[in-house]
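Residue numbers (this note's numbering): 1426 to 1786. Just so it is clear, CB atoms sit at the ideal spot from N, CA and C, and this is done for glycine as well. Some notes on the structure that comes next.
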């Protein structure tokens, strides 16, 4: 007999639940299944549930929260070999709600009224707290696709993806480690259709304003480009012009006597998206054509607005345009592309039509 089976039998005795069928009916009720359907559910799941208790199959995720609520103990305690020795109040078993509980329900009101008391606003220690399973709240948010949980984190901590692909900047000032959850989280938000939430958290303008992209940044990953291309409203954001405060280099700060420089530009991720399209023309030729046609108009407009375009050069694959006569101040983001390895004549012609700037790449 496994520890889980032994302990569940123990808690069933305490609660006066005589049969697994009755326990499964209670689980069904917690899952919102009522009436005869709850009994049908119990009969359907009985054999599987028995195998789960014996360790022959993993315990279903959707059973965990109901079991914790019915018995008033965490899953960790249900699997503790010494759990039966721990004192319990038969009429009022203490139930400690954890991160899994809140992410599973994904209730905005519970986040505001209860979860916030578990997460203090003290910087790095806030979102890195782990439960008894070694998981953070974000782990459960991703596991359960808890879009309201993501909104809660955005509203409470003002998350912004940092220049490394596994960090968020937070307010109050701190760092929140994403580890491998960055792209998964981006997909959840993209699939929700909440464009503002996506651009608040995954904000390439903020990234660019810090001065550079890391090679490992999410903004340089094919998975990220694909998310933008496969969601029409997100795709439209790559053409938007926004005004931002650009953080100057140490030399520029000293020379200019200020820390930041205001600039307006199109979305600095656009050249990464274009590069991905050019590498995958069989699927994204339409978007490549759109971006290149946009680029011809945009680059010409930028060039016409400069006093002397020969003073400007493109510094990197992002398309950042700088003035070498003015302490390398950022001027704009322009569309750049290379015909190398391109065999499609229409695409080659469009690339050749792009107004070009000097390159320092």
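Query                                                                                                           : Result
For residue 1618, the first and last residue of its enclosing alpha helix (DSSP H)                              : That residue, residue 1618, is in no alpha helix (DSSP H); it is neither H nor E in DSSP.
Beta-bridge partners of residue 1468, as assigned by DSSP                                                       : Answer by DSSP bridge pairing: none, since residue 1468 is not bridged.
Inter-residue Cα distance where the pair is residue 1541 and residue 1555                                       : 15 Å
Cα-Cα separation, residue 1700 to residue 1524                                                                  : 40 Å
Extent of the continuous alpha helix (DSSP H) to which residue 1695 belongs                                     : 1695 to 1704
Reduced DSSP category for residue 1758 - H, G, I as helix; E, B as strand; rest coil                            : strand
Backbone CA spacing between residue 1650 and residue 1713 [nearest angstrom]                                    : 12 Å
Contact under 8 Å by Cβ, residue 1504 with residue 1428                                                         : yes
CA-to-CA distance, residue 1482 to residue 1473, given in whole angstroms                                       : 8 Å
Where residue 1427 falls: helix, strand or coil (DSSP)                                                          : coil
Inter-residue spacing [alpha-carbon to alpha-carbon] between residue 1763 and residue 1772                      : 10 Å
Beta strand (DSSP E) runs contained entirely in the region 1711 to 1748, provided each spans 3 or more residues : 1737 to 1739, 1745 to 1748
Alpha-carbon spacing of residue 1432 relative to residue 1495, whole angstroms                                  : 13 Å
Residue 1780 in three-state terms, based on DSSP                                                                : coil
Beta carbon of residue 1491 nearer than 8 Å to that of residue 1455                                             : yes
Inter-residue Cα distance where the pair is residue 1493 and residue 1615                                       : 32 Å
Residue 1687 (DSSP reduced to helix, strand or coil)                                                            : strand
Element boundaries [beta strand (DSSP E), containing residue 1592]                                              : 1592 to 1595
Three-way DSSP call (helix, strand, coil) for residue 1586 in this model                                        : strand
Expected contact under 8 Å - CB spacing of residue 1586 and residue 1630 to nearest Å                           : Rounded, the Cβ-Cβ distance is 11 Å, inconsistent with contact.
Host alpha helix (DSSP H) of residue 1658 (start-end)                                                           : 1657 to 1661
With 16 other Cβ atoms within 10 Å as the buried cut-off, status of residue 1797                                : Here the chain covers residues 1426 to 1786 and nothing more, so residue 1797 does not appear.
Cβ-based burial, residue 1531 [other Cβ within 10 Å; buried from 16]                                            : buried
Own chain, CB closer than 6 Å to residue 1717, minus 5 neighbours either side, in chain order                   : 1775
Where residue 1479 sits in the DSSP three-state scheme                                                          : coil
Assigned secondary structure, residue 1520 (DSSP; H/G/I helix, E/B strand, else coil)                           : With a pLDDT of 45 at residue 1520, under the threshold of 50, the modelled position of that residue is not reliable, and no figure is offered here.
Own chain residues within Cβ distance below 6 Å of residue 1695, not counting five before or after              : 1663
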